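Since the structure comes first, as structure tokens, the remarks are kept for the end.
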Amino acid sequence: MRQRVVTAFLLAVPALLALALASPWPLACLGAITVLIGGREADSLLKTRLPVCTISAFLGYALLAWTYSTLAWALPTGQDPKGVYSFNTAFLCAAMCLGVSSVAVPKRLRLGDCGHLIAGFWVAAPLLAILLLHCRGVAGTDKAWFLSPALMALVPVWAGDIAAIFTGKAFGKRPLAPKISPKKTVEGSVANLLAAVLVAWLLGRLLHIPDVRAIGAGLAVGILGQAGDLFESWLKRRVDVKDSGTLLPGHGGVLDRIDSVLFAAPAVALILLS
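Heads up: the sequence shown runs through residues -2 to 271, numbered per this note's numbering.
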């Protein structure tokens, strides 16, 4: 547990620093690194012949990240191209759904590596959604440091995970999905949902986000974040591996650390940017 906490802290620090800067570029670069590693792990999980997930995830991310960052940096302070952000958020949610379906579909239904190529969206789309939220905040401030709206896609996830772990250990009795993830409990799942909603509401107050949207984002995190965790657990069982990688002590791979964010971020962006 101690190693897991230390690793999580070391990962959270650069993410929070990038989100605190009123510039899109540090977060865009951090996302690019994450996409490269996550794409490689996806290739490993799916046993691709070529690094198609890595290539599609990185190229798709790099192109749109550059576009979002340039747009946010070039806009006059306070100008908010809401239509642009709303359209792109809907696009990212669609890409996410397409990527998940291509990962989940039986191999016999795939045409060569085409399904694996689309699977790269599973990794890229959520990280682009986080960057999109951050860019909207950057476009509306002239300060060097600020509270990024993208925190709404991350902090409630972390709070929910922590609540689930400690509640599950202390009070967990009923298994949530024993065939997929035996250690998860119904009690931990409920604690995750409640913590995510509470933290999202409190954070929304700090960010001046309407209560309805903040609570909606919290519900999305509490439900879809856990769905993302279970989805990756199911995928790992399907290919008979324990972790998506070995890079992070106490966690496994990058996908193991961000699996909840992968499902929650597009939904949060859709709620906050629509």
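Quick reminder that beta carbons are idealized off the backbone N, C-alpha and C, glycines included. Everything numeric in this text was worked out from a predicted model, so none of it was measured.
- Query: Which residue's Cα is closest to the Cα of V69: S145, C132 and C90?
  - Reply: In the sequence on display, residue 69 carries Ala and not Val. Comparing Cα positions, the closest option is C132.
- Measuring alpha carbon to alpha carbon, tell me which of P23, L203 and F168 ends up nearest A188. F168
- Item | Same chain only: Cβ atoms within 7 Å of P273, ignoring 5 sequence neighbours per side | With the chain running from -2 to 271 in the structure shown, residue 273 is simply not present.
- Taking the alpha-carbon positions, what's the W119 to H205 distance? 30 Å
- Query: Is I34 closer than 9 Å to G249 when the C-beta atoms are compared?
  - Reply: In this structure, the beta-carbon distance from G249 to I34 does not fall below 9 Å.
- Rounded separation between I52 and K170 - CA only: 43 Å
- Query: By the 10 Å Cβ neighbour count, where 16 or more other Cβ atoms means buried, how is D253 classified, buried or exposed?
  - Reply: Buried: at least 16 other Cβ atoms inside 10 Å.
- Query: Looking only at its own chain, which residues have a Cβ that is under 8 Å from the Cβ of A9, when we skip the five neighbours before and after it?
  - Reply: W155
- Can you give the Cα-Cα distance for V49 and W63, rounded to whole angstroms? For V49 and W63, the distance between alpha carbons rounds to 21 Å.
- Task: Give a yes or no on whether the minimum CB-CB distance between G134 and chain B is below 9 Å.
- Result: Considering every chain present, this structure includes no chain B. It has just one protein chain.
- Could you pull the start and end residues of the beta strand (DSSP E) that K180 belongs to? S178 to T182
- L128 versus L270 - alpha carbon distance: 12 Å
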